[in-house]
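Sequence positions in the sequence shown follow our numbering and run 526 to 718. Cβ coordinates follow ideal geometry from the N, Cα and C atoms, glycine included. Worksheet for the structure shown next.
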Amino acid sequence: MTKEYAEQLFLQEKPVLALLAIWSFQKTYASVITKEINSTFAHTTKILSKMEDHGLVQFSVEGRVKYVELTEHGYKVVDALKDLIIALEGEMSESLEEAEAENDPSADIDSDTIHDRIERLYTSISSIYNEVQNNGSDFASVQRKIGPFSRDIQLLISAIEQSEDDIDDDSLDKLSEMQDMFDSVMKQKVKTG
């Protein structure tokens, strides 16, 4: 497949939403993605097949269930999409090199770096959370925007657990508040009809 074809695939709404949904669920199956992106099953499987051709997702079969999850390349594409979403919302986005360095769980980071990560992530999540609280934004849309930050939160928690430095209480409080906002949005039922 040509590079131009790949760009056409990811400059469309449904493939982007599908990729973000897979990120959010970590490991899921096509029918869940179909529901999340409000598409037909046939269209969703076509999108997933194209993503597999580009090395973004991989399938695995457990029993009678065929699961789909992101590859490492897929995670990098999601990171780029998150940067794009943040940039479109008028916030400063990090360069992809910084994002890759920050998402390396094996990296030894100090408490100041963890504090900075918490601040940036808190700002992003709270602005999306405020869409629900203040603007009455479409809940499904807000869930799709905030869902991709699940991995970032988990990476932060891992970094804190592995850090040899003490993390200040304010940073830990912000992390806890951020998790509460995230959980509040992701556990909310989307009203249909």
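- If you draw a 10 Å sphere on the C-beta of K552, you find fewer than 16 other C-beta atoms in it, and that means exposed.
- E538 and D693 have their C-alpha atoms spaced approximately 40 Å apart.
- The beta carbon of I685 sits closer than 7 Å to those of I639, I692, all from its chain and outside the five residues before and after it, given in chain order.
- When the Cα atoms are used, S709 and K607 turn out to be separated by approximately 20 Å.
- Between I650 and S696, the C-beta gap is not smaller than 7 Å, which leaves the two residues out of contact.
- Rounded to whole angstroms, the Cβ separation of V603 and L681 is 17 Å, and the two are not in contact under 8 Å.
- Distances from the alpha-carbon of Q583 to those of V541, D705, I547 put I547 closest.
- When secondary structure is reduced to three states using DSSP, T565 falls in the coil class, being assigned neither helix nor strand.
- The beta-bridge partner set that DSSP reports for L595 consists of V582.
- Going by C-alpha positions, G672 is about 16 Å away from R645.
- Residue state for E702 is assigned as helix, using DSSP reduced to three classes.
- Taking C-beta atoms as the reference points, L542 and I572 fail to come closer than 7 Å.
- K552 has E594 as its beta-bridge partners, per DSSP.
- Excluding five sequence positions before and after V667, the CB atoms of its chain that fall closer than 7 Å to its own CB belong to I653, E656, V657, V710, given in chain order.
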